[in-house]
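Heads up: the sequence shown is residues 11 to 698, going by my numbering. We treat Cβ as the ideally placed atom computed from N, Cα and C, and that holds for glycine. Values in this document were obtained by computation on a predicted structure and should not be read as measured data. So the structure is just underneath, and the comments pick up after that.
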Amino acid sequence: MKYRHLTSPITINGLTIRNRLMQTAHNRHYARRGAESERDRAYVEERAKGGIGLLTLGNHIVHPTGMGGGHPGVAFTFLPEAQQPLRATVEAAHRHDARIFLQLNHFGGSITSNPDDYRVLWAPSRSVSILSGEQSKAIELEEINAVVSAFAEGAVFAKQAGVDGVEIHVAHGYLLHSFLTPLTNRRADNYGGALENRLRITREVIAAVRAAVGPEYVVGVRLSLSDEMPGGMEVDQMAAAARLLVDDRMIDYIATSSGQGAMFWVGAQTGFAPPGFLLDKLARFKKALPDIPVFAVGGIDDADMAEAILAEGKADMVAITRGQIADPEFARKVVEGRTDEIRHCIRGNQGCLAHAIRGAPVTCTVNPAAGREAIFGLGTLKPADSPAVWLVIGGGPAGMKAAEGLAERGHRVTLVEREALLGGQLNINILQRGRASWNVLRTDLERNLTRLGVTIMRGLTADESFISTFGADAVLLATGAYADRSGWSSVSARIAGLEQAHVLTLWEAIQEPARAGKKVLLLDDEGAFRIGGAALRMQEAGSHVVHVSRLNALLPGTMTTTDMPPLYTALFGNGLESHLNSWARRIDGRSVTIFNLYSGVEVVIEDIDTIVLGTPRHPADGLYYKLKGRIDRLYRIGDCLAPRTTDHAVYEGFLAGRELLGWEKRPIFEGDRDALLPTAVPPTALIG
């Protein structure tokens, strides 16, 4: 069998797991009032149905001081009323023979306090959160004892709810990890100094948990392979700490990750890092710990890579966490030899990690059903009542996704794309460093369209005459957007001199970076990745880039996706010059006058070869307005409706495939209910 290791069972402290594919603990932010929600249950059950061996429920908080104000959608183990909802989630996994662990955590001083309560943060030493800037207090001995007891009580809570095992969080800069690393532990008592002292609270927690749940229950830890920061712990030091824990003979496995504090992102990098970016560190770690199961992480979303990791002895289970958000049937497709049908993760982090960092419910760019399984999950796609002929104009992500869904439901679908290659703006996006991994979105969709028998007409511009002659029952426009040359922005209606030949659009700069010349002025009205990606692409072609932005931070849209650190490193390493809180007033040949938005002070930048407009795109909606009123069933989706993100485009294509076109047909989700409607309204009344 090709995936012999990946599909083989593993037994951990008497618990047999059917295969070696898992999801590590991750914030989904579906919990409500500290308890697992129906949305949690549906998410878990979808992946259990899909054949996963093990899921770990992330960040169940053991003590009121560990909640954190930035994570409103996490669950608590100190609320008795949260146990029954947890039991329902566990039972959903067990119905489909998956195993489920629960991660116990205390956020410590790494985040922010709850704005409704301002409960002081606890940390090993007085410190300032790198993420929020809030200062914490040094935890006192009686408070340490309370935390240790809370972890043990949380483990009992989980066991009583039927959970198969618990995982103690000692990673990502949270409370236990912040004791372990010398970066944040400056204590002079028995909990600081030498490694054995810094590890003391973790060992006390493990001992208390083990005493509470007994010897025949699975107890593991989540441990960073490295702090990823100067002066922090490296992989060999982490392995030494892990050796002490293993030799205590109280833990049954180690789930790995990497990073501490501001470097938490290292464990879930985007396409800037190659797939399997932690494997070298993982191999060193596992070599030092051959006598305990170790779980691998780090951008692994390919079954061949996962099989090789196991075959080479680098790990005992493989976490494909984002990959199984993208495709909940990943495991089943591997077991059944259908890997060519897997919907791949693009490692963009826009719907998953970016949402989690903001405290929003996790979704997925390529899988709009993620987090919406109760409505859109496996088995919910029904055949069309009246199969019809659909004409979809535009072969970008929105149009392709719509054509896929319509064809799956039995409609006869023709997709028309004016370019020779499907993908739309995606084909420009993937030219940027860190975005090549997005190409699988195009190839996966194109593969499915071929499988479903969709007629694809490439290199054809669909005009009014073509559409009228075609005679479709319904026409769906997904014609995208175009780069706007007007220079319009949120702070200026017009920049004098834009009509000059050396003014380029952002797309032109990405596609032909050599045109930028030696010195280019890049106007940034968005703060999005494509601005930084274009700047880097021009730098790599030899340009000195002068960045001018109305925003008060450089590329703020890249922070929550975790693109910011590698992008900053590359941009500043290539000599980026940036002027924030500024905009262009006029262009006089090779001179550009910019001004500060607050002081009005002008600065003239000389010797500019080109000006690149990173300004809002314009919807390509001309065809829609020509056809409106002439075709009964005419719809538009994606950027031709309003230019937004790939997530918006794919989601609207997904809805169009189910013919949920128009606001009156759109479902209302849990977050909408919380914000807009009284809690007394029964959920069934809101879906209809």
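Residue i to residue j span [Cα, whole Å]
i, j, result
"Gln170", "Ile27", "20 Å"
"Gln33", "Ala482", "44 Å"
"Tyr128", "Asp337", "39 Å"
"Val138", "Ala148", "11 Å"
"Tyr608", "Ala408", "39 Å"
"Tyr661", "Ser588", "35 Å"
"Leu508", "Leu436", "27 Å"
"Ala52", "Gly381", "8 Å"
"Arg353", "Val376", "8 Å"
"Gly583", "Ala341", "41 Å"
"Arg676", "Ile71", "34 Å"
"Tyr184", "Ser18", "34 Å"
"Glu429", "Gly323", "47 Å"
"His106", "Leu25", "16 Å"
"Ala519", "Ala278", "29 Å"
"Asn562", "Ile621", "21 Å"
"Gly333", "Asp311", "5 Å"
"His187", "Asp326", "23 Å"
"Gly44", "Leu67", "13 Å"
"Glu674", "Thr266", "46 Å"
"Pro284", "Ser447", "9 Å"
"Ala251", "Thr373", "35 Å"
"Ala503", "Met574", "29 Å"
Per-residue DSSP class, three states only, for residue i
i, result
"Arg213", "helix"
"Met327", "strand"
"Leu112", "strand"
"Glu587", "strand"
"Tyr608", "coil"
"Tyr53", "helix"
"Ile20", "strand"
"Asn458", "helix"
"Gly434", "coil"
"Ala272", "helix"
"Pro303", "coil"
"Arg468", "strand"
"Asn562", "coil"
"Met239", "coil"
"Tyr263", "strand"
"Tyr645", "strand"
"His554", "strand"
"Gly63", "coil"
"Ala198", "coil"
"Val256", "helix"
"Asp246", "helix"
"Leu185", "helix"
"Ser475", "helix"
"Glu177", "strand"
"Pro629", "strand"
"His70", "strand"
"Ala251", "helix"
"Ala33", "Looking at the sequence provided, one finds Gln at residue 33 rather than Ala. DSSP places Gln33 in strand when its eight states are reduced to three."
Proximity of residue i and residue j at Cβ, strictly below 8 Å
i, j, result
"Ser236", "Glu226", "no"
"Pro180", "Ala168", "The sequence shown places Val at residue 180, rather than the Pro named in the question. Result no, Cβ atoms of Val180 and Ala168 do not sit closer than 8 Å."
"Ala545", "Leu581", "yes"
"Pro134", "Arg42", "no"
"Ala493", "Arg232", "no"
"Gly434", "Gly490", "yes"
"Arg547", "Leu459", "no"
"Gly663", "Met410", "yes"
"Ile216", "Asp257", "no"
"Met467", "Thr515", "no"
"Pro95", "Glu46", "yes"
"Ile330", "Val304", "no"
"Pro371", "Arg654", "no"
"Ala444", "Asp534", "First, the residue type needs correcting, since residue 444 is Gly and not Ala in the sequence shown. Result no, Cβ atoms of Gly444 and Asp534 do not sit closer than 8 Å."
Practice problem: May I ask you to verify whether the segment 350-364 touches the segment 398-406, counting CB pairs closer than 8 Å and requiring at least 3? | Solution: no
Quiz item: Is the segment 632-642 in contact with the segment 477-492, if contact means three or more CB pairs nearer than 8 Å?
Solution: yes
Practice problem: Evaluate contact between the segment 145-163 and the segment 11-22, counting only Cβ atoms and requiring at least three cross-stretch pairs below 8 Å. | Solution: no
Exercise. Starting from the N-terminal side, write out each stretch of the alpha helix (DSSP H) that is 4 residues or longer and does not extend beyond the segment 76-151.
Key: 93-104
Exercise. Counting only runs of 3+ residues fully inside the segment 478-542, write out the beta strand (DSSP E) ranges in chain order.
Key: 484-487, 513-515 and 529-534
Quiz item: How do the segment 415-432 and the segment 493-513 stand: do at least 3 beta-carbon pairs fall below 8 Å, yes or no?
Solution: no
Quiz item: Looking at C-beta atoms only, is the number of pairs between the segment 58-70 and the segment 98-113 that lie closer than 8 Å three or more?
Solution: yes
Quiz item: Mind pulling the alpha helix (DSSP H) runs of 4 or more residues that sit fully within the segment 339-427?
Solution: 340-345, 363-368, 383-386 and 407-418
Self-check item: Any 3 or more C-beta pairs closer than 8 Å across the segment 610-624 and the segment 524-538
Solution: yes
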